[in-house]
Each structure stands twice: as structure tokens, then as C-alpha cells.
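Everything below concerns the one structure shown next.
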Amino acid sequence: MLAFVIRRVLYAIPVLLVTSFLIFTAVSLSGNPAARIRQSPRFSEQTYQLLRHKYGLDKPIPVRYGYWVKDVTTNKLGVSLATGQPIWPDIKRVMGHTAQLILTSEVIALFVGIIIGVYSAVRQYSIFDYTATTLSFLGFALPTFWLALLLQILFVNIYLKWHVRIFYTSGLNNPGKGAFSLDRIQHLGLPVATLAIITIALYSRFMRASMLEVINSDYVRTARAKGVAEWRVITRHVVRNALIPLVTVIALNVSGLLGGAIITETVFGLDGMGFYFNSKLAQLDLYPVMAWLLLSGVIIILANLLADIVYGYLDPRIRLQ
Numbered sequence: 001m002l003a004f005v006i007r008r009v010l011y012a013i014p015v016l017l018v019t020s021f022l023i024f025t026a027v028s029l030s031g032n033p034a035a036r037i038r039q040s041p042r043f044s045e046q047t048y049q050l051l052r053h054k055y056g057l058d059k060p061i062p063v064r065y066g067y068w069v070k071d072v073t074t075n076k077l078g079v080s081l082a083t084g085q086p087i088w089p090d091i092k093r094v095m096g097h098t099a100q101l102i103l104t105s106e107v108i109a110l111f112v113g114i115i116i117g118v119y120s121a122v123r124q125y126s127i128f129d130y131t132a133t134t135l136s137f138l139g140f141a142l143p144t145f146w147l148a149l150l151l152q153i154l155f156v157n158i159y160l161k162w163h164v165r166i167f168y169t170s171g172l173n174n175p176g177k178g179a180f181s182l183d184r185i186q187h188l189g190l191p192v193a194t195l196a197i198i199t200i201a202l203y204s205r206f207m208r209a210s211m212l213e214v215i216n217s218d219y220v221r222t223a224r225a226k227g228v229a230e231w232r233v234i235t236r237h238v239v240r241n242a243l244i245p246l247v248t249v250i251a252l253n254v255s256g257l258l259g260g261a262i263i264t265e266t267v268f269g270l271d272g273m274g275f276y277f278n279s280k281l282a283q284l285d286l287y288p289v290m291a292w293l294l295l296s297g298v299i300i301i302l303a304n305l306l307a308d309i310v311y312g313y314l315d316p317r318i319r320l321q
């Protein structure tokens with residue numbers, strides 16, 4: 001297992017380098033980070049040229065990429081071109097906020113999605129199964145931004161009509177409140193619900209399909225023929241093997257959660273990685289955008305590595321050669 005993990009990490013290094021170079025090239029071609037300085041009457045053309053030379057913006061893209069890699073490895077993700085301040089403190093702050101959002105929504109989605117998927121498969125063609133299927137298709141069809149706006153309107157109307165504050169519709173916390181309290185839960189409730197509802201629809205459908213495939217297997221029929229209790233057949237034989245395809249979906253959905261966080265945090269005004277990415281991209285601040293993309297790539301690679309490890313735990317037949 002240790003050799004497998006080390007080998008996967010070593011493979012990830014060239015993948016990250018190639019991916020980061022392609023993204024760096026695409027972002028660099030999208031606009032000039034120093035263009036706003038040139039348009040400002042407060043800065044002369046000489047100042048503009050000095051800044052371009054200082055940050056290597058007058059060099060070819062491969063040379064600028066080399067400067068960026070050096071800055072990332074020696075200066076904790078580099079320095080913002082717009083502010084001249086280190087990137088890491090801001091990234092560290094917003095990562096914690098986004099982690100609260102994504103991890104909470106993922107735990108809720110896994111718990112609810114697996115239960116719905118298992119029960120739908122066990123009670124196939126029941127009223128519950130038809131209802132869950134219909135709601136999951138609706139969940140698939142809902143755009144993230146539309147669902148976020150719908151929840152905002154709903155809870156704003158509840159507050160205006162009944163004067164009951166259940167959840168806040170924007171921001172992360174009220175001034176003077178602690179880092180994590182009931183106030184934080186009220187602010188994160190709607191963003192978490194937005195991501196969780198869409199993810200539950202995904203997980204429940206895959207879990208149901210996987211359960212139906214496993215539940216008709218020969219070894220399940222053999223276990224029933226031997227007199228094993230039905231609940232034991234479902235929990236020990238069916239659910240464990242049905243989770244294997246779901247693990248793949250969870251690992252692949254990490255990028256979807258990060259993309260959903262960008263939209264959700266922007267709609268709800270949360271000071272997270274998605275909101276940070278949008279603001280820096282609008283400013284054409286190249287290095288913070290690249291730092292965000294690099295961290296996202298690392299998270300996705302680690303998620304897929306963890307999925308491979310979980311495969312071996314769920315199914316002893318899988319050997320990590």
C-alpha cells in the first residue's frame with residue numbers, strides 16, 4: 001500500500017506540471033494583468049513598463065511560467081500582481097470557509113443519498129422509489145445558481161412574513177460572533193442545502209442502480225438460500241459491494257463540488273475559495289487564480305488517490321499491484 005501511494009504521488013507531479021502549464025497559458029492569453037495600471041491616469045507609461053518588467057510580464061509565456069513555479073515553491077504560492085501581498089494568507093483563510101461548506105454538504109449528501117438509494121432498491125417500484133426517482137431527476141435538472149436564488153427568495157419571504165430568522169441569505173457571519181456558532185450555522189445553512197440537494201440526487205441514483213445490480217447476484221441468492229437474515233444480506237453483502245461504484249462517483253464529483261462552490265459562494269456572498277477565485281479572475285490577477293487552480297488540482301488528485309485506497313478496503317479481491 002505504501003509503495004502504491006508513493007508511486008501515485010510521483011505520477012501526480014508531472015500531471016500537475018503539464019496541467020498547470022496549460023492553465024497558465026490559457027489564463028495568460030485571456031488578458032494583460034497590468035492593463036488596469038496602464039489605463040489609470042495616476043500611473044505613467046514608464047511605471048507601467050517597470051511593473052511589467054518587475055513581474056516578468058514582458059517575457060514569453062514559458063519563461064513567465066518558470067518564474068511562477070519558482071515563486072510558488074519558494075514563496076508559498078507567490079505574490080499577488082495587483083496588491084503585491086503574499087497569496088497564502090488569503091488562500092488559507094478562504095480555504096477554511098470553503099471546507100466548512102463542502103465537507104458539511106458532502107457528509108449530508110452521502111448519508112441521505114445512500115439511505116435513499118438503498119431503500120429505493122430494496123423497495124423497487126414502490127411509491128417511495130417512484131417519488132425518489134422523480135425528485136432525483138428534478139435535482140439533476142436544477143442549475144446551482146437557480147436553486148441558490150430560489151432558496152434565498154423563499155427564506156427572505158419567510159422572514160418578511162413571519163419575522164422568523166431561520167437562515168441568513170448572505171454573508172458568513174455577523175460582526176462580533178465567534179468563528180463557529182449558531183450564527184455560522186444560520187449563514188451556512190442555505191449554501192450547504194444548495195450543494196447537498198444536487199449531490200443527493202446524484203448519489204441516490206448511482207446507489208440505487210448499483211444496489212439493483214448487486215442484489216441480483218448469485219452470491220446474494222446463495223446467502224439467502226442458506227438462511228441468512230435479510231438485513232444481514234443487505235448490509236454485509238449488498239451495500240458493501242454496491243458502494244464501490246459510488247466511491248468512483250464521489251472522487252469524480254470533487255471537481256463538481258469545487259465548481260459548485262464558486263457559484264454558491266458568489267450568490268450567497270460567502271468569503272470562500274469560490275468567491276476569491278471570481279474576484280481575482282475579474283481583476284485579471286494571474287497568480288492568485290493560478291494558486292487556486294493548483295490547489296484544486298492537488299485536491300482532486302488526492303481525492304482519487306483516497307478512492308483507490310477505499311476500493312481495497314471495500315473489496316478484498318481488489319489488489320493494488
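Mapping to my numbering: the sequence shown position 7 is 7, numbers consecutive.
Glycine is no exception: its CB is placed at the ideal position from the N, C-alpha and C atoms.
What you are looking at is a predicted structure, and each value in this text was computed from that prediction instead of being measured.
Check	Outcome
Could you check the C-alpha separation between PHE128 and ALA121 for me, to the nearest Å?	10 Å
According to DSSP, is PRO89 helix, strand or coil?	helix
Which two residues bound the contiguous alpha helix (DSSP H) that contains GLN152?	144-162
With DSSP run on the structure shown, which of helix, strand or coil describes VAL228?	coil
Could you tell me which uninterrupted alpha helix (DSSP H) segments, each at least 4 residues in length, are contained entirely in the region 59-142, listed from first to last along the chain?	61-74, 88-122, 127-141
Does the Cβ of TYR287 have 16 or more other Cβ atoms within 10 Å, making it buried, or fewer, making it exposed?	buried
So, helix, strand or coil for GLN283, using DSSP?	coil
What does the alpha-carbon distance come out to for the pair ALA291 and PHE4?	27 Å
Give the single residue among TYR276, ARG205, PHE277, THR144 whose Cα lies nearest to the Cα of LEU243.	ARG205
Rounded to whole angstroms, what is the Cα-Cα separation between VAL247 and THR25?	33 Å
For TYR168, report the span of its alpha helix (DSSP H) as first-last.	Element bounds for TYR168: n/a, residue is neither H nor E.
Please work out which residues of its chain come closer than 8 Å, Cβ to Cβ, to LYS59, disregarding the five sequence neighbours upstream and downstream, and give them in chain order.	TYR67
By DSSP, does ASN304 sit in helix, in strand, or in coil?	helix
Out of TYR311, LEU293, LEU306, which has the shortest C-alpha to C-alpha gap to LEU16?	LEU293
Does GLY274 come out as helix, strand or coil in the three-state DSSP assignment?	helix
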